[in-house]
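Take the sequence shown: its position 352, counted from the start at 1, is 354 in the working numbering, and no numbers get skipped.
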Amino acid sequence: MTPDSPTSPKASHRILRKFAYLFSAHWVRGLLQTVFLIYLARYDDSIYGDFLLAINLGSILLFISEIGLNQHLATLLARRTDYPTAIVLQITLIKGALVTLSILGMLAFVFWQGYDPALIIMCAIIAGSMAVEALASSYFVLCQVMGRQDVEGKLRSLGAILGFGYGVIGLLAGMAPVLVSLFKLWETVINVGYAARAVLKRTRLHFDPSKLKQLWLTWREGIIYTLMAVAAIFYNKINMFFLKSYAGNTGVAQYGVTWELVDGISIMVSSMLLGRVMFPLFARLWISDKAEFHDLARQTARWLLAVAVPVMFVLHVESDRIIPVIYGDGYGHAVWMQKLLVPAIFCAFLHNLAAYLMISMQRQRLLLVFYVLGLAVNVALCLTLIPDDPLRGTVMAIVLTKLFVASLTVTYCQYRITIFPLATLGQAFLACGLGAALYWLGTAYVLREVGEVLALIPICVLAWRWKMAMKNPADAKTA
Numbered sequence: 003m004t005p006d007s008p009t010s011p012k013a014s015h016r017i018l019r020k021f022a023y024l025f026s027a028h029w030v031r032g033l034l035q036t037v038f039l040i041y042l043a044r045y046d047d048s049i050y051g052d053f054l055l056a057i058n059l060g061s062i063l064l065f066i067s068e069i070g071l072n073q074h075l076a077t078l079l080a081r082r083t084d085y086p087t088a089i090v091l092q093i094t095l096i097k098g099a100l101v102t103l104s105i106l107g108m109l110a111f112v113f114w115q116g117y118d119p120a121l122i123i124m125c126a127i128i129a130g131s132m133a134v135e136a137l138a139s140s141y142f143v144l145c146q147v148m149g150r151q152d153v154e155g156k157l158r159s160l161g162a163i164l165g166f167g168y169g170v171i172g173l174l175a176g177m178a179p180v181l182v183s184l185f186k187l188w189e190t191v192i193n194v195g196y197a198a199r200a201v202l203k204r205t206r207l208h209f210d211p212s213k214l215k216q217l218w219l220t221w222r223e224g225i226i227y228t229l230m231a232v233a234a235i236f237y238n239k240i241n242m243f244f245l246k247s248y249a250g251n252t253g254v255a256q257y258g259v260t261w262e263l264v265d266g267i268s269i270m271v272s273s274m275l276l277g278r279v280m281f282p283l284f285a286r287l288w289i290s291d292k293a294e295f296h297d298l299a300r301q302t303a304r305w306l307l308a309v310a311v312p313v314m315f316v317l318h319v320e321s322d323r324i325i326p327v328i329y330g331d332g333y334g335h336a337v338w339m340q341k342l343l344v345p346a347i348f349c350a351f352l353h354n355l356a357a358y359l360m361i362s363m364q365r366q367r368l369l370l371v372f373y374v375l376g377l378a379v380n381v382a383l384c385l386t387l388i389p390d391d392p393l394r395g396t397v398m399a400i401v402l403t404k405l406f407v408a409s410l411t412v413t414y415c416q417y418r419i420t421i422f423p424l425a426t427l428g429q430a431f432l433a434c435g436l437g438a439a440l441y442w443l444g445t446a447y448v449l450r451e452v453g454e455v456l457a458l459i460p461i462c463v464l465a466w467r468w469k470m471a472m473k474n475p476a477d478a479k480t481a
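This is the structure we're talking about:
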């Protein structure tokens, strides 16, 4: 499926418009964050490493408190088991407990690791603020299910402008790193403050003992999503903490500059498009129209293939230009690390689609098993690969883990609903093979740039053919 391919209202579900709202907000936030992190990386790689560590800790806390329950919240809202604001409030109360526990756990971890006082304060501010932001995401899920991604986009943009604007100005003014780290606090205050106001003014707050039982039932049903989130975020992030132990802040900075590129692209598609636009549709269609669910799943899988291949290719072949231009000449290791990391994009695209499909189909328990296996594999790889070769071991640990988990989830969805028909797979393999041959011919006998352009032609032609086929349902089955 291409982003603008479906032509009927039923097929499109206004996906382009919804994605555009979130993309615009992500673009504003991403641009400001990019300027902020690039300036940090060029200014001092040690300080950059500290900020990355704090942000990654915050990502763990946010993921634990937010993502698993957000998926559960979307399914509850789709089933309409209660008034929307009542459901949102119940989930948010559960999140509040998780946020508190996760912040306490984070503080225990940083003291246990013996980080210096300045880094501990930065972790408390940045990671703590990111955890609290999970409370606002309940309101954002409600916006997504109601098709009001425009409201979410505007609010996220405002918070990003104020937060990262403060951070960039602070860096330019020469503020101490601890003061600069307040950027995340200001962004969180905007998001949480507005979300709380919007929900509370539509909800009557009064003590009702009968609601305690409902809150417990909601917690019990949602705990499996939280466990999935814990396993997923840990197998995605713990390699960086192993890396800090063996290579210090400089090693974290080398890995961080390329991971920001690779993971940023994965998040844009996996979180914005799949998580915030497609997943609410999948959850609703599985209940109301399974035929449309199957069609939309196959179209989305095909669209992801068409996007992932050229993105991976460009990041791989142009890594020796992209890294120095953006971050300067002090990140030579990041060039070869990016070449090894790009398969993680492909794995993330397809795995996240498969994961959201499994949740929509009520197969979250099996998905949890896959995540726990992935975490076990990741820990084993980190213990085995990172001590002897910290940089290469860190990269290989995350890539092999993502490949392992994606193979489990995609295989299940392929068996259950055939998200990739044989014709689609055959065409994709043929386009990639032809592109590789053209790349070799172009670089060997003409110029590097010519080879790169030629290599992209087959997959672009295939994507165009898929788009045209979607306009004719009779041809789509054979495209």
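Beta carbons: idealized from backbone N, C-alpha and C, even for Gly.
Next on the checklist: Using beta carbons (cut-off 8 Å, strictly below), is Gly253 in contact with chain D?
Outcome noted: Within the model displayed, chain D is absent; a lone protein chain is all it includes.
Checklist entry - So Ile347 is in the alpha helix (DSSP H); what residue range does that whole segment cover? => result 345-362
Checklist entry - Which residues in the same chain as Ile324 place their Cβ atom closer than 8 Å to its Cβ, once the five residues preceding and following it in sequence are excluded? => result Leu263, Leu317, Gln340
Item to check | Nearest-angstrom Cα separation, counted from Ile96 out to Asp322 | outcome: 46 Å
Checklist entry - Which one of Leu370, Phe422, Ile49, Arg394 has the shortest CA to CA distance from Val407? => result Leu370
Checklist entry - Cα-Cα, which of Leu39, Ser67, Asn72, Asp46 is closest to Ile57? => result Leu39
Checklist entry - Within this structure, are the beta carbons of Ile66 and Ala197 separated by less than 8 Å? => result no
Item to check | Completely contained alpha helix (DSSP H) runs for the region 54-132, where each covers 4 or more residues | outcome: 70-81, 86-115
Item to check | Cβ-based burial, Phe431 [other Cβ within 10 Å; buried from 16] | outcome: exposed
Next on the checklist: Let me make sure I understand the geometry here. Which of Val191, Gln416, Arg286, Gly176 has the alpha-carbon closest to that of Val134?
Outcome noted: Val191
Checklist entry - Excluding sequence positions up to five away, which residues of its chain have a Cβ less than 8 Å from the Cβ of Ala255? => result Ala43, Asp47, Ser48, Tyr50, Gly51, Leu54, Tyr333
Checklist entry - Between the C-alpha atoms of Ala249 and Leu393, what's the straight-line distance to the nearest angstrom? => result 8 Å
Next on the checklist: If I follow the unbroken alpha helix (DSSP H) through Ile421, where does it start and stop?
Outcome noted: Ile421 -> no alpha helix (DSSP H), and no H or E assigned at all.
Next on the checklist: So, under 8 Å CB-CB, Phe185 and Gly161 are touching, yes? Tell me the CB distance rounded to an integer number of Å.
Outcome noted: Rounded, the Cβ-Cβ distance is 11 Å, inconsistent with contact.
Item to check | Best match in Leu79, Gly195, His335 for proximity to Ala136 [C-alpha to C-alpha] | outcome: Gly195
Next on the checklist: With a threshold of 6 Å on Cβ separation, who are the neighbours of Phe209 within its own chain once the five nearest residues in sequence on each side are excluded?
Outcome noted: The predicted position of Phe209 is uncertain, since its pLDDT is 45 and thus under 50; a value taken from the coordinates is nonetheless stated next. So the list is empty, once near-sequence residues are dropped.
Checklist entry - When we look at the beta-carbon of Gln92 and count the other beta-carbons within 10 Å, is it buried (16 or more) or exposed? => result buried
Item to check | Close Cβ partners of Val412 (< 7 Å) along its chain, the five nearest in sequence each way excluded | outcome: Leu352, His353, Ala356
Checklist entry - So, Ala378 versus Ala76, is the Cβ gap smaller than 8 Å? => result no
Next on the checklist: DSSP three-state label for Val397, please.
Outcome noted: helix
Next on the checklist: Taking contact to mean 3 or more Cβ pairs, one atom from each stretch, closer than 8 Å, check whether the region 445-453 and the region 381-390 are in contact.
Outcome noted: no
Checklist entry - Going along the chain, which unbroken runs of the beta strand (DSSP E) with 3 or more residues stay wholly within the region 159-188? => result none
Checklist entry - CA-CA distance, Val337 and Ile89? => result 47 Å
Item to check | Three-state secondary structure (DSSP) of Pro389 | outcome: coil
Item to check | Exposure of Asp265, with buried meaning 16 or more beta-carbon neighbours within 10 Å | outcome: buried
Next on the checklist: DSSP three-state label for Asp265, please.
Outcome noted: helix
Checklist entry - Looking at Lys404 and Cys349, is the spacing between their C-beta atoms short of 8 Å? => result yes
Checklist entry - In chain order, what residues of the same chain lie with their CB nearer than 8 Å to the CB of Val180, ignoring the 5 residues before and after it? => result Ala120, Ile123, Met124, Ile127
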